[in-house]
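Numbering (our numbering), first residue to last: 109 to 238.
Glycine is no exception: its CB is placed at the ideal position from the N, C-alpha and C atoms.
Note that the structure is a prediction, hence the values are computed from the model and not measured.
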């Protein structure tokens with residue numbers, strides 16, 4: 109299996125876990141206000157991290173991973189419209205998108221820290237390369 113293909117296995121597996129959870133009519137809940145938004149943020153932060161990591165290991169720019177994560181959050185909310193006992197919620201999608209974008213930001217900051225400086229071999233500290 110190629111390195112490029114292996115790079116996409118973790119985010120695809122995690123997206124499948126999210127899909128599986130979204131397909132259930134009801135999930136266990138905690139009696140804490142806005143806990144579901146925190147859960148959405150965390151689940152999609154992990155997805156965002158895995159997606160930008162996969163993009164980095166392939167010829168795709170990192171922003172593609174972020175866009176895929178935000179788009180997947182939107183399709184997940186649409187999917188919930190067709191699950192009995194579930195309904196789409198734009199605030200859930202905002203939490204999904206915030207998680208993806210936070211993870212992308214942190215990933216790019218950590219990546220820039222370990223990248224060579226402009227004067228060293230390798231050139232520049234890359235961010236969301238185009």
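Shown here for residue 188: same chain residues with a beta carbon closer than 7 Å to its own, the five before and five after excluded, namely 130, 194, 195 and 196 in chain order. Out of 116, 123, 128 and 115, the CA that lies nearest to the CA of residue 191 is found in 128. Boundaries of the alpha helix (DSSP H) harbouring residue 117: 111-130, taken from the DSSP string. The region 156-166 makes no contact with the region 136-144, as fewer than three CB pairs between them are under 8 Å. Annotated three-state conformation of residue 216 is helix, per DSSP. Short of 6 Å from the beta carbon of residue 176, and not among the five residues preceding or following it, lie these beta carbons of its own chain, in chain order: 159.
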